[in-house]
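So the sequence lines, in the order shown, correspond to chains P and W. Here the first sequence stands for residues 1 to 120, where the numbers follow this note's numbering. Here the second sequence stands for residues 1001 to 1120, where the numbers follow this note's numbering. Cβ coordinates follow ideal geometry from the N, Cα and C atoms, glycine included.
Protein chains: 2
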Amino acid sequence: MDWKLEDDRPIWTQLTEQLKRRIIAGVYPPGSKLPPVRELAAEAGVNPNTMQRALAQLEQDGLARADRTAGRLVTQDAEALEAVRTAQARVIVQRYLNEMAELGYSREEAGLLPQKEETI
Amino acid sequence: MDWKLEDDRPIWTQLTEQLKRRIIAGVYPPGSKLPPVRELAAEAGVNPNTMQRALAQLEQDGLARADRTAGRLVTQDAEALEAVRTAQARVIVQRYLNEMAELGYSREEAGLLPQKEETI
DNA sequence: ATTATTGTATTATACACTTAATACAATAAT
DNA sequence: ATTATTGTATTAAGTGTATAATACAATAAT
Chain P
1 MDWKLEDDRP IWTQLTEQLK RRIIAGVYPP GSKLPPVREL AAEAGVNPNT MQRALAQLEQ
61 DGLARADRTA GRLVTQDAEA LEAVRTAQAR VIVQRYLNEM AELGYSREEA GLLPQKEETI
Chain W
1001 MDWKLEDDRP IWTQLTEQLK RRIIAGVYPP GSKLPPVREL AAEAGVNPNT MQRALAQLEQ
1061 DGLARADRTA GRLVTQDAEA LEAVRTAQAR VIVQRYLNEM AELGYSREEA GLLPQKEETI
């Protein structure tokens, strides 16, 4: 999974999102140690300050906590992770349906398109 | 349809998107005259300069053109409008599927959820 | 004990976005 | 003819984002 950054939203928010996705997807398993800020920043090609900000948000969202010098650990609360995952999914589905509705697609059309997106 | 503005992306890009949606949805029919910049700006609660920028982008995308003092007219090319609509839909569907995949949902799950989003 | 690694903080700079306040040119309305 | 309306341009100020360059404190590694 690469670091994909668009330029229309603050980088640090996008970094937080992608860190969340990696944690949810098991790239950084519960209880494991995250790579150091500087390393993550280098990977993503951003300034360490920017990655630091993204990690601070991750921490505020309860998905990791810093141990000063021991590094930064992913939360071990598997239920919390699953809760985040379903919450994210709900947001994504709702936004999808909303956007399609604004384009004038019916609920049925919007519901069917993701299964055969070649037909669009 | 209200002017919904989030604060994590430039306002002018969001305004352009919503103007597009209104045109596609027929709020501003093909060939019709758009409200003046100042009026649109007042409606949306933004600075006229910001709305001006959004309209300039709309123009660059070929959905309207300005007549100096006669106001700004929506394109009459209905086919172009339909093309924009399907292009938008394609983007939305693809992004939806991509985001769900990143959360670890299979193609089938992602395709089914929009039809019964209550189950999430 | 010394060194390296880690998270964190600070200061300065540059840039894009947004608002505010005007102003101008062209033409529609009167 | 005069006025109002329209799109457009300009200048200034404030804010948030991102980078760059350092520095510090705590502790793991040696």
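Cβ shell of residue i (< 6 Å), same chain only, five flanking positions each side left out
i     : result
R53/P : W12
T16/P : A54, Q57, L58
Candidates the options: closest to residue i by CA position
i       : options                            : result
E71/P   : L34/P, P30/P, E43/P                : Note that residue 71/P is Gly in the sequence shown here, rather than Glu. Of the listed residues, the one whose Cα sits closest to G71/P is L34/P.
L73/P   : P29/P, A89/P, R85/P                : P29/P
Q1014/W : I23/P, K4/P, E99/P, A66/P          : E99/P
D67/P   : T50/P, A83/P, V37/P                : V37/P
K20/P   : Q1115/W, T1050/W, L1103/W, Q1088/W : L1103/W
G62/P   : E82/P, N49/P, N47/P                : E82/P
Within chain P, the residues that residue i reaches when beta carbons sit closer than 7 Å
i       : result
Y1028/W : Result: empty, since nearest Cβ-Cβ is about 14 Å, beyond 7 Å.
Interface flag, residue i vs chain W, CB-CB below 8 Å
i     : result
D8/P  : yes
V74/P : no
Residue i at chain P interface by Cβ criterion, 8 Å
i       : result
E1099/W : yes
P1114/W : yes
I1024/W : yes
V1037/W : no
Under 8 Å from the C-beta of residue i: neighbouring residues of chain W
i     : result
T16/P : Chain W residues near T16/P: none, gap ~11 Å exceeds 8 Å.
R85/P : L1103, G1104
Chain W contact residues for residue i, given Cβ-Cβ distances below 7 Å
i      : result
G111/P : P1114, Q1115
T13/P  : D1008
Contacting residues, own chain, Cβ-Cβ under 7 Å from residue i (five flanking each side not counted)
i       : result
V1027/W : M1001
G1031/W : L1073, V1074, Q1076
A1078/W : P1030
N47/P   : A41
Nonlocal neighbours in the same chain, by C-beta distance under 8 Å from residue i, ignoring five residues either side
i       : result
R1085/W : I1024
Three-pair Cβ contact test at 8 Å for the segment 94-114 of chain P versus the segment 1084-1094 of chain W: Touching, yes, given that three or more Cβ pairs across the two stretches are closer than 8 Å.
Cβ pair count under 8 Å reaching 3, the segment 1038-1057 of chain W against the segment 105-112 of chain P: Flag = no, the segment 1038-1057 of chain W and the segment 105-112 of chain P do not touch.
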